[in-house]
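Working notes for the structure below.
Residue numbers (our numbering): 37 to 436.
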């Protein structure tokens, strides 16, 4: 706001032909400035005198009556000595520029010392007055506004911004912000490095289509535009890209739409966590599992083969055992028959002796017995065995 105290303006403007147009307006300006707590001042470049109103000094905790405004040079007392040493050079430079370009209004910001020793921030607006012929005159007018609260708020925001920027630049995750057209407006160090650039300026204003010259760029850009249109975020999506060396890198990406106070999407916030090591571990583990599965299958096959072989060995063992048992039985039977045969031979000799001493009638009876044995040999074999029955018949045949 470019407003000044009417006390000074009326004094100067009444000296010009058009001064009668201003008094009514000055009264309104004065009331407005007091309501806004805006201080006014007027500087004469010829005399070096700075005249100021009460508000100018009140905002510095000072009294108007303590200073000399009789027209003598007093710039040092009411301005220079109050300006912070770090701000004085630039403030003086802006002040001088106003004299060189009278048609422009200059804004400047600097600190001035309060009577309690603190520093307050001042917004100074300056303009060179022109005379009735439109030429620059000796008077410079301006206003002072106390913006300390705003400046402190800005400084707090700036500190928070610095802290936030320091944080995101030192995180290992990629962090970036894009505008509604998908162009990057913020990119932290990790993001810049992952893309393959050395500074943030190289990637700002560019979309994924510009930064990735393949299908990866198209995929990322389409995701951005879909989020901008639908408002639906992407949460922890696994995606890969190729770094500057052509190596595949994996990111766990989250993209969130940012809305203004009216609910309109104005930005996109993206965060990417490098999961390349995890993906590599998963691939190694997958390969290991596949190898273990194949080995397990092979071991299962070998185990089944061993079971089959074991069954075959058991069967062979049983067969050999049965054979051995059968062979043992045969040997026992042969020995038994051999003994029976010997007994039968003895019996035959004995019967022959009997045959010689029995009479004819007894011989007939014996022959009947022999016939009976021959006729009933099968039945006898069922009782004492075929071999024994046959041997018995053979022995009795010798009696005839």
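We put the CB at the ideal spot given by N, CA and C, even for glycine. Just so it is clear, the structure is predicted and the values come from calculations on it, not from any experiment.
| Item | Value |
| --- | --- |
| Compute the beta-carbon to beta-carbon distance between residue 75 and residue 92, rounded to the nearest angstrom, for a pair I have assumed lies under 8 Å. | 3 Å |
| Please state the DSSP three-state secondary structure of residue 121. | helix |
| Can you give me the C-alpha to C-alpha distance between residue 349 and residue 337, rounded to a whole angstrom? | 18 Å |
| Along the alpha helix (DSSP H) that carries residue 192, what are the first and last residues, could you check? | 184-206 |
| Taking buried to mean at least 16 other C-beta atoms within 10 Å of its own C-beta, is residue 220 buried or exposed? | buried |
| Please confirm if the segment 198-211 is in contact with the segment 226-235, defined as three or more CB-CB distances below 8 Å between the two stretches. | yes |
| Using three-state DSSP, classify residue 264 as helix, strand or coil. | helix |
| For residue 289, which residues from the same chain have a beta carbon less than 6 Å from its beta carbon, with the 5 sequence-adjacent residues on both sides left out? | 273, 275 and 308 |
| Bridge partners of residue 141, per DSSP? | In the DSSP output, where bridge partners are listed per residue, residue 141 has none listed. |
| Is it right to say residue 414 is buried, meaning 16 or more other beta carbons lie within 10 angstroms of its own, or is it exposed? | exposed |
| Leaving aside the five residues before and after residue 6 along the sequence, list all residues of the same chain whose C-beta is less than 8 Å from its C-beta, in chain order. | Since the first and last residues shown for the chain are 37 and 436, residue 6 lies out of range. |
| Measuring straight from C-alpha to C-alpha, what distance separates residue 159 and residue 185? | 12 Å |
| Going by DSSP, what residue range makes up the alpha helix (DSSP H) through residue 231? | 225-231 |
| Would a C-beta distance cut-off of 9 Å place residue 279 and residue 230 closer than the cut-off? | yes |
| Measure from the alpha carbon of residue 300 to the alpha carbon of each residue in 143, 122 and 267, then state which is nearest. | 267 |
| For the pair the segment 106-122 and the segment 73-88, tell me if three or more CB-CB distances fall below 8 Å. | yes |
| For the alpha helix (DSSP H) containing residue 94, list its first residue and its last residue. | 90-94 |
| Give the range of the beta strand (DSSP E) segment to which residue 310 is assigned. | 301-310 |
| In terms of residues, what are the limits of the beta strand (DSSP E) holding residue 240? | Unbroken run through residue 240: none, as it is neither H nor E. |
| Which first and last residues belong to the beta strand (DSSP E) in which residue 161 is found? | 155-166 |
| Among residues of its own chain, excluding the 5 on either side of residue 260, which ones have a beta-carbon nearer than 8 Å to its beta-carbon? | 214, 218, 243, 244, 291 and 304 |
| Within 10 Å of its beta-carbon, does residue 175 have 16 or more other beta-carbons around it, so buried, or fewer, so exposed? | buried |
| Do you know offhand how far residue 81's Cα is from residue 164's? | 10 Å |
| Could you tell me which of 296, 78, 123 and 135 sits nearest to residue 107, measuring between CA atoms? | 78 |
| Near residue 240, what residues of its chain come up, given a Cβ to Cβ distance below 6 Å and the 5 sequence neighbours on each side ignored? | 220 |
| In chain order, what residues of the same chain lie with their CB nearer than 6 Å to the CB of residue 111, ignoring the 5 residues before and after it? | 84 and 86 |
| Measuring straight from C-alpha to C-alpha, what distance separates residue 170 and residue 127? | 26 Å |
| Considering Cα atoms alone, identify which of 326, 211, 248 and 411 is closest to residue 310. | 211 |
| Are the Cβ atoms of residue 180 and residue 147 separated by less than 9 Å? | no |
| Identify, in the order they occur along the chain, each residue of the same chain with its Cβ nearer than 7 Å to the Cβ of residue 209, setting aside the five sequence neighbours on each side. | 226, 307, 308 and 309 |
| What number of angstroms, rounded off, separates the C-alpha of residue 135 from the C-alpha of residue 141? | 10 Å |
| Considering Cα atoms alone, identify which of 333, 277, 97 and 410 is closest to residue 312. | 277 |
| Can the beta-carbon of residue 314 be found closer than 9 Å to that of residue 286? | yes |
| Between residue 101 and residue 150, what straight-line distance do the alpha-carbon atoms span, to the nearest angstrom? | 16 Å |
| Which class does residue 289 belong to by DSSP, given the choice of helix, strand or coil? | strand |
| Could you round the C-beta distance between residue 264 and residue 222 to whole angstroms and report it? I think they count as a contact, below 8 Å. | Not quite, the Cβ-Cβ distance comes to about 16 Å (not below 8 Å), so this is no contact. |
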